[in-house]
Amino acid sequence: MNIFRFAGDMTHLISILVLLLKIYATKSCSGISLKTQELYALVFLTRYLDLFTDFISVYNTIMKLVFIASSLAVVCCMRMHRVVRRSYDKDLDTFRHYFLILASFVLALLVNEKFTFQEIFWAFSIYLEALAILPQLVLLQRSGNVDNLTGQYVFFLGAYRAFYILNWIYRYFTEQHFSRWIACVSGLVQTVLYADFFYYYFISWKNNAKMQLPA
Amino acid sequence: SKDQVAKDEL
Chain B
109 MNIFRFAGDM THLISILVLL LKIYATKSCS GISLKTQELY ALVFLTRYLD LFTDFISVYN
169 TIMKLVFIAS SLAVVCCMRM HRVVRRSYDK DLDTFRHYFL ILASFVLALL VNEKFTFQEI
229 FWAFSIYLEA LAILPQLVLL QRSGNVDNLT GQYVFFLGAY RAFYILNWIY RYFTEQHFSR
289 WIACVSGLVQ TVLYADFFYY YFISWKNNAK MQLPA
Chain V
194 SKDQVAKDEL
């Protein structure tokens, strides 16, 4: 564990807490893409298949459980909760995310560290996570204005993978056999996808104005 | 196994 990875995990945890805060405090999920939440639930379920077989550390196990439980809780809440579900922007959240699942799975079959069930699903979860934010970014683009908590949620969600890139650079230089190139390339793509969001987020922060995405 | 570096990251 290094400071970059710990900062990344904490940033990721903060993004989840901000999302939960937004939904429970405002009893609304407007501006949140259910499709992105479903993709993230799938990412965690397919990435942590080794949850009960490979014990890494208490921290690792607890964080995996938190990520799986929180992503499923948000999906269930957005689908079932009678008050929250009414605020879901159903007609704006129309990204065909099944294509993202299919593309990630095909790529995982072609490019993986080892052609085993666990490794293919791990690579699938890595590729899918890079693309999972797309429905959310499209939804924000369409809805134009971004409320503070939603903006902070997406900001921290994007920032966490940037910390992981620093972590991979650090581990590359400090550990002999470290090669996590699938996660690294995918993590770079993931972070770049946030580039324009980060730009408009910074502009709104600098002008102390409400965040506006160009229609 | 050694060659399959355990996935120690989240």
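Those sequence lines, one after another, are chains B and V. Residues in the first sequence are numbered consecutively from 109, following our numbering. Residues in the second sequence are numbered consecutively from 194, following our numbering. We put the beta carbon where it would ideally sit given N, CA and C, even for glycine.
Check: Within 10 angstroms of its Cβ, does tyrosine 167(B) collect 16 or more other Cβ (buried), or is it exposed?; Outcome: exposed
Check: Does any CB atom of chain V fall closer than 7 angstroms to the CB of methionine 319(B)?; Outcome: no
Check: Is the beta carbon of phenylalanine 160(B) closer than 7 angstroms to that of phenylalanine 175(B)?; Outcome: no
Check: Give me, in chain order, the residues of the same chain whose beta-carbon lies closer than 6 angstroms to that of arginine 194(B); leave out the 5 immediate sequence neighbours on both sides.; Outcome: none
Check: Could you tell me which chain V residues have their CB closer than 7 angstroms to the CB of isoleucine 164(B), listed as they occur along the chain?; Outcome: Ala199 and Asp201
Check: Find the nearest neighbour of glutamate 200(V) within the set Ser251(B), Ser287(B) and Leu128(B), judged by alpha-carbon distance.; Outcome: Reading the sequence as shown, one finds lysine at residue 200(V) and not glutamate. Among Ser251(B), Ser287(B) and Leu128(B), the Cα nearest to that of lysine 200(V) is on Ser287(B).
Check: Pairs of beta-carbons, one from the region 228 to 244 of chain B and one from the region 139 to 153 of chain B, closer than 8 angstroms: are there three or more?; Outcome: yes
Check: If you measure beta-carbon to beta-carbon, which residues of the region 165 to 176 of chain B are closer than 9 angstroms to chain V?; Outcome: Ser165, Asn168, Met171, Lys172 and Phe175
Check: Grab me the residues of alanine 323(B)'s own chain with a C-beta within less than 7 angstroms of its C-beta, minus the 5 sequence neighbours each way, in chain order.; Outcome: Gly252
Check: If we require 4 or more residues per run, which alpha helix (DSSP H) segments fall completely within the region 204 to 232 of chain B?; Outcome: 205 to 218
Check: So the alpha helix (DSSP H) serine 251(B) belongs to, where does it begin and stop?; Outcome: 242 to 251
Check: Under 7 angstroms between beta-carbons, which chain V residues line up against arginine 113(B)? List them in chain order, please.; Outcome: Glu202
Check: Comparing alpha-carbon positions, which option in Cys137(B), Ile277(B) and Val300(B) lies nearest leucine 239(B)?; Outcome: Val300(B)
Check: Would you say aspartate 255(B) faces chain V, with C-beta separation under 7 angstroms as the test?; Outcome: no
Check: Within the 7 angstroms Cβ cut-off, does leucine 128(B) reach chain V?; Outcome: no
Check: Do you know offhand how far isoleucine 290(B)'s Cα is from tyrosine 206(B)'s?; Outcome: 22 angstroms
Check: What are the start and end residues of each continuous beta strand (DSSP E) run of 3 or more residues lying completely inside the region 110 to 197 of chain B, in chain order?; Outcome: none
Check: Tell me which same chain residues have a C-beta within less than 6 angstroms of the C-beta of threonine 224(B), skipping the five on either side of it?; Outcome: none
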